[in-house]
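*Asks:*
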Amino acid sequence: MYLSGNSIIILNVNGEDRPVMAKPSHTLLHVLRKELSLTGAKSGCENGDCGTCTVLVDDMPVKSCLMLAAEAVGHKITTIEGLKDAPIQDAFIKNWGFQCGYCTSGFLMVCHALARHVPNADDPIIEEWLQSNLCRCTGYEEIENAVKSILSGNYQ
Numbered sequence: 001m002y003l004s005g006n007s008i009i010i011l012n013v014n015g016e017d018r019p020v021m022a023k024p025s026h027t028l029l030h031v032l033r034k035e036l037s038l039t040g041a042k043s044g045c046e047n048g049d050c051g052t053c054t055v056l057v058d059d060m061p062v063k064s065c066l067m068l069a070a071e072a073v074g075h076k077i078t079t080i081e082g083l084k085d086a087p088i089q090d091a092f093i094k095n096w097g098f099q100c101g102y103c104t105s106g107f108l109m110v111c112h113a114l115a116r117h118v119p120n121a122d123d124p125i126i127e128e129w130l131q132s133n134l135c136r137c138t139g140y141e142e143i144e145n146a147v148k149s150i151l152s153g154n155y156q
């Protein structure tokens, strides 16, 4: 989709079509946070390294700071707010898979997608998926334990 100036686009976010005003340069992260007030995806590095902005686009993890909002038109976007009823948060709480919480929503999105796409993931696959996100507070062991508990519990 080509935008010129400010344009109204329709994004399907958490199962709902949402009209938003966007400039051609607006990232999906910007539109989610500023136009839709969905602040679960965090602004971290703004260059795709940290993963705090991770959302799901068509059920796959995407760093929303690297995707233009216009590129998301016609795709299904899920934010952490859209996972409010998923048991994944409980697994992170029970396994101490968070510290300050800044990176947590990005990790939750990646883990949700991993559980859906590779439900029999072994340690190397889990580590590979988690490499897309950074946490400055933990040694990742707790996060990996949370993922393993999700994968062993018939997570849907």
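For the sequence shown, position 149 (counting from the first letter as 1) is numbered 149 according to UniProt numbering, and the numbering increases by one without interruption. Beta carbons: idealized from backbone N, C-alpha and C, even for Gly. None of the values given here were measured: they were computed from a predicted structure.
#1: Figure out for me which residue from 134, 152, 107, 31 has the closest Cα to the Cα of residue 121.
#2: Could I get the ranges of all uninterrupted beta strand (DSSP E) runs contained in the region 56 to 140, with 3 residues as the minimum, in chain order?
#3: What is the rounded straight-line gap between the Cα of residue 74 and the Cα of residue 21?
#4: So, helix, strand or coil for residue 41, using DSSP?
#5: From which residue to which residue does the beta strand (DSSP E) around residue 20 run?
#6: Rank 88, 42, 18, 38 by C-alpha distance to the C-alpha of residue 133 and give the top, closest one.
#7: Near residue 34, which residues of its chain fall below 7 angstroms by C-beta distance, leaving aside the five closest residues on each side in sequence?
#8: Give me the Cα-Cα distance between residue 87 and residue 19, rounded to the nearest whole angstrom.
#9: Can you tell which of 44, 70, 111, 129 has its C-alpha closest to the C-alpha of residue 89?
#10: Report, in whole angstroms, the separation of the C-beta atoms of residue 69 and residue 31, which I expect to be a contact under 8 angstroms.
#11: Does DSSP put residue 145 in a helix, a strand or coil?
#12: Say whether the region 127 to 144 touches the region 77 to 87, bearing in mind that this needs 3 or more beta-carbon pairs closer than 8 angstroms, one atom from each stretch.
*Replies:* Once the coordinates are examined:
#1: Residue 152 is the option with its Cα nearest to residue 121.
#2: Within the region 56 to 140, the complete beta strand (DSSP E) runs of at least 3 residues are 60 to 63, 76 to 78.
#3: Distance between the alpha carbons of residue 74 and residue 21 is about 16 angstroms.
#4: DSSP places residue 41 in the coil class of the three-state scheme, outside both helix and strand.
#5: Residues 16 to 22.
#6: Per the Cα distances, 42.
#7: Answer for residue 34: no residue qualifies.
#8: Residue 19 has its alpha-carbon roughly 30 angstroms from the corresponding atom of residue 87.
#9: Ranked by Cα distance from residue 89, the first of 44, 70, 111, 129 is 111.
#10: Indeed, because the Cβ distance is near 4 angstroms, the residues count as touching under 8 angstroms.
#11: Helix at residue 145.
#12: When Cβ pairs closer than 8 angstroms are counted between the two stretches, the region 127 to 144 is seen not to touch the region 77 to 87, the count staying below three.
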